[in-house]
Structure formats: C-alpha cells, structure tokens
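Working notes for the structure below.
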Amino acid sequence: MNKGLLLYIFLLLNICSYAQCNCNQINKGDEIISQCIPQPIAEDRFTQVGIAFISTINRTDMILSGRDKSIKNYISVSVRFDETSLELTDNLEINLLNGTAISLKLLKSGENFIGGSEVVNAVYPIEKNLVDLIKKSKINTIGLHFENDILRMYRCDFNQDVLMEQIKCIENGIKND
C-alpha cells in the first residue's frame, strides 16, 4: 500500500512539474516543434528582454539518421522597446555564472508590434554540446548586437535559470514521447 501511494505521489508531482514548464508542442508536417514561452531576464529604462528555448525533431531524419541527428535546438530572444526598436543583427553572447562564455550566430530576426510596443525577435541555433553547458549553469549576462554596431550587455536580474529549466522540460517531454 505504501509503495502504491508513493508511486502515485511521484507521478502526480512529475505531471505537475511538466505542466508548469510553459512549453508547447506543435506538430507541423514532418516536424515536432517544442517551444517554450519567453521569460523575462533583464530590463532597463528603454527595453525588456525575454529568452526561450526551442527544439525541433524531424521525423524523417529520426528514421533515417537516428534521434540525435534529427533534433535541432534554438534560443529565441525577444526585446520589447519603449520607443523605436533597433534590429538585432549579429551574434548572441551568453555568459554563464560558472564563467563559460557562449556565442551563437544569428539565424533570423524580425520586428513585431505587441500591445502598442515595438518588439524585435531573433532566433539563434545552438549545438548540443552548448546546450549541455547551459544546463549546468545559470545565465549571468547576455550581449545583443543591434543595428549601427551597438553591442548592449544585459545583466540577468531575474529568471537566471530559465534556459536550464526549459531545456529540462523539453528534454523530459521528448523522452516521454
């Protein structure tokens, strides 16, 4: 009886923790896209910065090449501007609390309007070995390269472990599928 109760509690906690991930899975053609909701990590008088982890699995690649080659990972950054936005034009620099520095190449960026504010979104591919580094440490600072050669460094004042948690959520979801 006690083992059954413990198993039930463990399963309940596991389900509840996955439900709190704020990540969604989308089936789009041959791909499964697992995308987390961007969480705020830094702000100043003019901008607010959010970051999120995204993972895609290509079903055909998984069949032909195996699981590891079918998974592609990305980090998305959203910057909300109080005034006129600046386009993100180059690498994302991530400095972790353990001293590790990671630089990711820009894949795509674009501008939107959300709630009357200009928002710039950018996507950066990230290799598995770098994902493994991020899983081990919280974010200390990030550097964003804006148009006109502006490099803006942000200290992560909150949600420093957001990528660690989102990666864990998505990996647990992928293993359970």
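Mature numbering (1 follows the signal peptide of the UniProt record, and there is no 0) puts the sequence shown at residues -19 to -1, 1 to 158.
Note that the Cβ used here is the ideal one computed from N, Cα and C, for glycine as well.
Taking the CB atoms as reference points, tell me whether D63 and F94 lie closer together than 9 Å. With a cutoff of 9 Å on beta-carbon distance, D63 and F94 are scored as not near each other.
With a threshold of 6 Å on Cβ separation, who are the neighbours of I123 within its own chain once the five nearest residues in sequence on each side are excluded? Taken in chain order, the residues that qualify are I75 and Y135.
Looking only at its chain, what residues have a beta carbon closer than 7 Å to the beta carbon of N140, apart from the 5 residues adjacent to it on each side? Closer than 7 Å at Cβ, skipping near neighbours: Q20, P21 and I22.
Could you pull the DSSP bridge partners for R61 from this structure? Its beta-bridge partners are Q29 and V100.
Please name the residue, chosen from E128, L77, C2 and S98, that lies closest to L111 on a Cα-to-Cα basis. Looking at the Cα atoms, L77 is the closest of the given residues.
Proximity below 9 Å, CB of L144 to CB of I56: A contact, by the Cβ cut-off of 9 Å.
Report the rounded CA-to-CA distance for F34 versus I148, giving the unit in angstroms. In this structure, the alpha-carbon of F34 lies about 7 Å from that of I148.
How would you call L132, buried or exposed, if buried means at least 16 neighbouring beta carbons within 10 angstroms? By the C-beta density criterion, L132 is exposed, having fewer than 16 other C-beta atoms within 10 angstroms.
Who does F127 pair with in a DSSP beta bridge? Looking at the DSSP assignment, F127 forms a beta bridge with L69 and I131.
I need the DSSP call for C2, collapsed to helix, strand or coil. Three-state result, C2: coil.
Which first and last residues belong to the alpha helix (DSSP H) in which K89 is found? No alpha helix (DSSP H) contains K89, which is instead part of the beta strand (DSSP E) from K89 to I95.
How should L73 be labelled, buried or exposed, when 16 other C-beta atoms within 10 angstroms of its C-beta is the threshold for buried? Residue burial is scored here from C-beta neighbours: L73 has at least 16 other C-beta atoms within 10 angstroms and is therefore classed as buried.
Can you tell me which of G80, L88, K89 and D25 puts its alpha carbon nearest to the alpha carbon of L114? Ranking G80, L88, K89 and D25 by Cα distance to L114 puts G80 first.
When the Cα of V60 is compared with those of N5, V30 and I38, which residue comes out closest? Cα-wise, what sits closest to V60 is V30.
Nonlocal neighbours in the same chain, by C-beta distance under 7 Å from V104, ignoring five residues either side: So the list reads Y55, S57, L88 and K89, once near-sequence residues are dropped.
Buried or exposed for I18, please, with buried defined as at least 16 other CB atoms from any protein chain shown within 10 angstroms of its CB. The residue in question, I18, is exposed, as its Cβ has fewer than 16 Cβ neighbours within 10 Å.
Are H126 and T70 closer than 9 Å when you measure CB to CB? Yes, Cβ-Cβ distance for H126 and T70 is below 9 Å.
How would you label residue 193, buried or exposed, when you count the other beta carbons within 10 angstroms and need 16 or more for buried? Lying before the first or after the last residue shown, residue 193 is absent from the chain, which here runs from -19 to 158.
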